[in-house]
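Below: one structure, written as structure tokens.
In the numbering used here, the protein residues as written are 6 to 177.
Written out as structure tokens, the structure is:
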């Protein structure tokens, strides 16, 4: 808001801004890459604070029965937004980084962080089945990205700790 001198909801991620505003934000910040993402908020219990920021509380998809509640982001709408951004970036000198969703991250936030890690040990079939379902969509998203001239595709899971593994080695 201060950088663009505009009033946007604090619930928006920067990459959710209108494309022209997002490019201008990146230009003013001195970035050379534009980050493109569509975070799949499957199964998330969230709270919006008084300032409009969205805070993750927990995942709500904790049983095999909850798999019937899976919904999928509209890949055609996502593609249209990507094309709009690529067209706007063309000739600006910016590169484009696309964030590809991954099954482990989506399932981890959908079930809840602690329940996910415990589930790997206590309910491995549920976690595995859930991830296999989600993985199919993630691969369709990745295939979409590879059909465009994109500089970087960011995929994988960022799980790490300075103190070593964040779960027992027996769970790995």
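Ideal Cβ positions, reconstructed from N, Cα and C, are used throughout, including at glycine.
DSSP three-state assignment for residue 149, whether helix, strand or coil: helix
Residue 126 versus residue 87 - alpha carbon distance: 38 Å
Burial state of residue 106 (16 or more Cβ within 10 Å): buried
Residue 160 - DSSP class collapsed to helix/strand/coil: coil
Where residue 85 sits in the DSSP three-state scheme: helix
Classification of residue 177 by the beta-carbon crowding that lies within 10 angstroms, buried from 16 upward: Confidence at residue 177 is low in this model, with a pLDDT of 48, below 50, so its placement is unreliable and no value can be given for it.
Strand pairing of residue 63, partner residues [DSSP]: 50
Same chain only: Cβ atoms within 8 Å of residue 42, ignoring 5 sequence neighbours per side: 18, 20, 103 and 104
Identity of the residue in 147, 142 and 8 nearest residue 77 by Cα: 142
Per-residue DSSP class, three states only, for residue 99: coil
Option nearest residue 89 by Cα separation, candidates 9, 145, 111 and 24: 24
Through-space distance from residue 145 to residue 63, alpha-carbon basis: 27 Å
Within 8 Å, strictly: CB atoms of residue 28 and residue 93: yes
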